[in-house]
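In our numbering, the protein residues as written are 80 to 443.
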């Protein structure tokens, strides 16, 4: 009896050992199968999932960047115009729908920010001008002018920019650090006209700022000041002001007269032929008035304008000229041309270069 009990107990232990060993083997086999087959599959799936998630994230980033880019208005200005308040500032295309550009419909906040920037730039520009830092002052005041100033600030800015222009552009002095001017040494075979064409200005202007009395008498080795043109003009019909720009920097301004009943076509014009002492051919018929005749309504200068954009396209019979009616300046009295005081148009005549300079006339 005792022997049978001992044998039974031994048998139970053997069975337990076999069960334990079998369980161990099954577990080990399962681990091996997982390591060999299941783990790579799951890892690949995880990687695919991670890749998918990463793609979604990158797409969101790209979308956000695209939205940010589309929220910046297109540039319409030619300036290295300008940044968010600095040179190269982005401005919305005229007449464009803000929604189509990705811009918020309500731009009051942006306008407020621009005004604040303009006032800060204006103050900094005036301070720099007072200290004699002319290039810094010119940059700040031009940026402020483009952003928009109050009427009184615009008057001050124009006056300051004109003074700076006189000191930096319209005389023989070269101010250190001015990117618009440089020194040029006349080479053998050069003419003043050839040098002027190279810099998109006129030989009359080169002669004037360098004190050259005879444009045909220059010598090799002679050093002269050159200005990097072209000069351009912008006319505001509301104020009858013509602003003169060197490239896109305001340097001078004049008062003009325009056409009665809105007869001066707005748009962009290219400067065409220029004539000293022009003969007047009445556009509506009548007596031709010769040059030097005191009754010649064109005065002593004619600058042809050729329409290239806006309502000006295709127009070639308009121009900028002098007048024998000085009281008409600042008024709508001409038949469509731009009138100027005779001494003023003589100056503008030397700035604007044929086929290089453009004149923008705004809407009334």
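Each residue gets a CB set at the ideal place from its N, CA and C atoms; glycine is no exception.
- Item | Cutoff 8 Å; reference residue 198; Cβ partners in own chain excluding five residues on either side | 223, 228, 232
- Message: I believe residue 417 touches residue 335 by the beta-carbon criterion, under 8 Å. Please report the beta-carbon distance rounded to the nearest angstrom.
- Response: 5 Å
- Answer yes if the region 332 to 352 comes into contact with the region 381 to 400, meaning at least three C-beta pairs across the two stretches below 8 Å, and no otherwise. yes
- Item | Same chain, Cβ closer than 6 Å to residue 294, neighbours up to 5 away in sequence not counted | Within the same chain, residue 294 has close Cβ partners 271, 282, 286.
- Query: Considering only the beta carbon of each residue, do residue 378 and residue 386 sit closer than 8 Å?
  - Reply: no
- Residues bridged to residue 305 by DSSP? 261
- Query: residue 196 and residue 240: beta carbons closer than 8 Å?
  - Reply: no
- Task: Can you tell me the Cβ-Cβ gap for residue 362 and residue 396, rounded? I've got them flagged as a contact below 8 Å.
- Result: 6 Å
- Item | Of the residues 263, 347, 296, the one placed nearest residue 434, counting alpha carbons only | Its Cα nearest to that of residue 434, the residue 347 stands out among 263, 347, 296.
- Task: Could you name the residues that DSSP lists as bridge partners for residue 331?
- Result: 323
- Item | Reduced DSSP category for residue 370 - H, G, I as helix; E, B as strand; rest coil | coil
- Message: Going by DSSP, what residue range makes up the alpha helix (DSSP H) through residue 394?
- Response: Neither: residue 394 is in no alpha helix (DSSP H) and is coded neither H nor E.
- Item | C-beta contact flag for residue 309 and residue 187 at 8 Å | no
- Task: Determine, using beta carbons only, whether residue 256 and residue 319 come nearer to each other than 8 Å.
- Result: No.
- Task: Report the option in 237, 250, 298, 254 whose CA atom is closest to the CA atom of residue 265.
- Result: 298
- Measuring alpha carbon to alpha carbon, tell me which of 252, 254, 213 ends up nearest residue 236. 213
- Query: In whole angstroms, what is the alpha-carbon distance linking residue 254 and residue 438?
  - Reply: 28 Å
- Query: What first and last residue would you give for the beta strand (DSSP E) that runs through residue 277?
  - Reply: Run containing residue 277: none in the beta strand (DSSP E); it sits in the alpha helix (DSSP H), 271 to 277.
- Any idea if residue 373 is buried or exposed, counting beta-carbon neighbours within 10 angstroms, 16 or more meaning buried? exposed
- Using the C-alpha atoms, what's the distance from residue 258 back to residue 463? In the structure as shown, the chain begins at 80 and stops at 443. Residue 463 is therefore absent and cannot be evaluated.
- Task: On a CA-only basis, which of 288, 400, 208 is nearest residue 423? Give me that one, please.
- Result: 400
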